[in-house]
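Novice: Residue numbers (our numbering): 1 to 445. Structure in structure tokens, see below.
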């Protein structure tokens, strides 16, 4: 048996209680149990699904004090942040409960028969949503509640009528085990089978690979790094019968800070952006990892203000030692590839200080490795000579969760081109504020 240790994120010390990683037999048992519930849960009505989701939200809230303390011990994210995240997680569960009560998963499109031959004529047809079956849900490191055992992917799958087998993140194994224990209590209280929500644990890749390869798994859901998500997607595609893989992969979230905004609000925006870069030690999927500026006096003043604002930010422990090492390696890679250091705050062991580096657009465009995410409190400034070069930088990024544009308020051909360029690569385009801090609403889907 392989041992699984819970690590104190602040000190790096292992906690005394040791868990056991899931064996191949454990993984198979969890998937088999989920599969055994699929037909019944898939035919459940909206009232029953809503009752489960509401019950899970209430269970989280009732155990709040113990859950937050345990999460903080394993992640060092702090009670304030974790309480807010637990609130968000309960809200997500209740939001999906409301959707099931309103019948969203059961919507049907009735297309009546039309006499005659195709293409005009056709028989009566019905389009409806059907549950796929057991979903392999891969928990994320940076949101131990909202993107973990009872996170949005689990809530969505249960609302859709699908059982779930969660691959817990090794960064918070004890928290995952406790939350799963609450799930089991709610299932038992509602007379539902324990296998409806399963849990497997393990620090190595073999557990996740075995789960996504299991022939009874019908879909995968993942939030995390590009490398990890791409590997799991490849496994999903390589199966004899490929399955859908719903992945939210790494993102560098460009911020286009245009002269029009910097001329009037440069100092204010620098303070706001510095807080966003450093918030939670930069461990957000939407962390602003790329700042694109057009050369000029406004940009020079903004860089100076941003440098000062970042120097005032305090170090914060990262979630795991592996992430801390990857962060240091990523920043050093930027330097090796020609980026100039503007801010290199000292760190304290597991808590790295914020980092700010700068590179000309031509260098960024010629070095694809500069386009990779560096997960943590760091941002890379790219200095462009023109709007045309800004558009080239956006195109080189290729894909991002967000793009933020400051200063494109007037209706000009250049601004329209920038917005089109942002829309081409991003799921969300912001025109105010910063990308960190995501509302849970239908428009974010």
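C-beta atoms are modelled at their ideal positions from N, C-alpha and C, and glycine is treated no differently. For clarity, every value in this text was computed on a predicted model and none was experimentally measured.
Quick one, which of 111, 412, 53 and 391 has its alpha-carbon nearest residue 403's?
Specialist: Nearest option by C-alpha distance: 391.
Novice: Can you name the start and end residues of the beta strand (DSSP E) that residue 107 belongs to?
Specialist: Segment: none, residue 107 is in no beta strand (DSSP E) and carries neither H nor E.
Novice: Answer with buried or exposed for residue 347, where buried requires no fewer than 16 other C-beta atoms within 10 angstroms of its C-beta.
Specialist: Counting Cβ neighbours within 10 Å, residue 347 comes out buried, since at least 16 surround it.
Novice: To the nearest whole angstrom, what separates the beta carbons of residue 198 and residue 149, a pair I think is in contact under 8 Å?
Specialist: Incorrect: roughly 10 Å between the Cβ atoms, too far for contact.
Novice: Using beta-carbon positions only, say whether residue 447 and residue 178 come within less than 8 Å of one another.
Specialist: No information on residue 447 is available, as it lies outside the stretch 1 to 445 that the chain covers here.
Novice: Can you give me the C-alpha to C-alpha distance between residue 53 and residue 331, rounded to a whole angstrom?
Specialist: Each residue's Cα considered, the two are about 42 Å apart.
Novice: Mind pulling the beta strand (DSSP E) runs of 3 or more residues that sit fully within the segment 117-203?
Specialist: The segment 117-203 contains these whole beta strand (DSSP E) runs: 125-128, 135-138, 164-167 and 197-200.
Novice: Across the segment 249-256 and the segment 186-196, are there enough close Cβ pairs to call them in contact, namely three or more that are closer than 8 Å?
Specialist: Cβ pair count under 8 Å is below three, so no.
Novice: Taking the alpha-carbon positions, what's the residue 274 to residue 36 distance?
Specialist: Their backbone Cα atoms lie some 50 Å apart in a straight line.
Novice: Between the Cα of residue 428 and the Cα atoms of 2, 443 and 418, which residue gives the shortest distance?
Specialist: The option with the nearest alpha carbon to residue 428 is 443.
Novice: In this structure, what does DSSP give as the bridge partners for residue 383?
Specialist: Looking at the DSSP assignment, residue 383 forms a beta bridge with 293 and 360.
Novice: Let me check understanding here. Comparing Cα to Cα, which of 215, 292 and 399 lies closest to residue 358?
Specialist: Per the Cα distances, 292.
Novice: Pick helix, strand or coil for residue 327, following the three-state DSSP scheme.
Specialist: In the structure shown, residue 327 sits in a helix (DSSP, three-state: H, G or I).
Novice: Distance check for residue 212 and residue 33, CA to CA, integer angstroms please.
Specialist: If you take the alpha carbons of residue 33 and residue 212, they lie about 15 Å apart.
Novice: Can you round the beta-carbon distance between residue 356 and residue 342 to whole angstroms, since I take them to be within the 8 Å contact cut?
Specialist: About 4 Å separates the two Cβ atoms, so the contact holds.
Novice: If I measure Cβ to Cβ from residue 430 and keep anything under 8 Å in the same chain, skipping five residues before and after, which residues do I get?
Specialist: Excluding positions up to five away in sequence, the list reads 402, 403, 404 and 405.
Novice: Let me make sure I understand the geometry here. Which of 47, 228, 72 and 59 has the alpha-carbon closest to that of residue 104?
Specialist: The option with the nearest alpha carbon to residue 104 is 47.
Novice: State the CB to CB distance for the pair residue 96 and residue 159, rounded to an integer number of angstroms; the pair is presumed to be in contact (CB under 8 Å).
Specialist: Contact holds; Cβ gap of about 4 Å.
Novice: Taking Cβ to Cβ, would you say residue 4 is nearer than 8 Å to residue 136?
Specialist: Cβ distance not < 8 Å, so residue 4 and residue 136 don't count as in contact.
Novice: CB-CB under 6 Å to residue 245, same chain, minus the five flanking residues each way: which ones, in chain order?
Specialist: So the list reads 220, 233 and 236, once near-sequence residues are dropped.
Novice: Closest by CA to residue 16, which one among 22, 23 and 8?
Specialist: Taking only the C-alpha atoms, the option nearest residue 16 is 8.
Novice: Can you give me the C-alpha to C-alpha distance between residue 283 and residue 225, rounded to a whole angstrom?
Specialist: Each residue's alpha carbon lies about 11 Å from the other.
Novice: Looking only at C-alpha atoms, which of 195, 270 and 227 sits nearest to residue 309?
Specialist: When only C-alpha atoms are compared, the closest one is 270.
Novice: Can you give me the start and stop residues for the beta strand (DSSP E) that residue 220 sits inside?
Specialist: That run of the beta strand (DSSP E) goes 219-223.
Novice: What are the start and end residues of the beta strand (DSSP E) that includes residue 245?
Specialist: Per DSSP, residue 245 belongs to the beta strand (DSSP E) from 245-248.
Novice: Which residue from 41, 109, 438 and 301 puts its Cα closest to that of residue 266?
Specialist: Looking at the Cα atoms, 301 is the closest of the given residues.
Novice: Given residue 131, which residues of its chain have a CB within under 6 Å of its CB, disregarding the five upstream and five downstream residues?
Specialist: Hits under 6 Å: 42, 160, 161 and 162.
Novice: Identify which residue in 140, 328 and 134 has its Cα closest to the Cα of residue 247.
Specialist: Comparing Cα-Cα distances from residue 247 to each of 140, 328 and 134, the minimum goes to 140.
Novice: Cutting at 7 Å between CB atoms, please list the residues of its own chain near residue 440, excluding the five before and the five after it.
Specialist: These residues qualify, in order along the chain: 88, 91, 92 and 95.
Novice: Do residue 276 and residue 259 count as a contact pair if the criterion is CB distance below 8 Å?
Specialist: For residue 259 and residue 276, no; Cβs fall outside 8 Å.
Novice: Among 142, 145 and 157, whose alpha-carbon lies nearest the alpha-carbon of residue 129?
Specialist: With distances taken between Cα atoms, residue 129 lies closest to 157.
Novice: Cα-Cα, which of 336, 329, 263 and 432 is closest to residue 305?
Specialist: Looking at the Cα atoms, 263 is the closest of the given residues.
Novice: For residue 353, which residues from the same chain have a beta carbon less than 7 Å from its beta carbon, with the 5 sequence-adjacent residues on both sides left out?
Specialist: Counting only Cβ-Cβ distances below 7 Å, and skipping sequence neighbours, we find 315, 345, 346 and 347.
Novice: Here's a check: name, in chain order, each residue in its chain whose Cβ is nearer than 8 Å to the Cβ of residue 387, leaving out the five neighbours to either side.
Specialist: Only 294, 414, 417 and 418 meet the Cβ criterion.
Novice: Taking the straight line between their C-alpha atoms, what separation do you get for residue 60 and residue 101?
Specialist: Going from the Cα of residue 60 to the Cα of residue 101 covers about 21 Å.
Novice: Using the Cβ count rule (16 or more neighbours within 10 Å means buried), how would you classify residue 107?
Specialist: Flag for residue 107 reads exposed.
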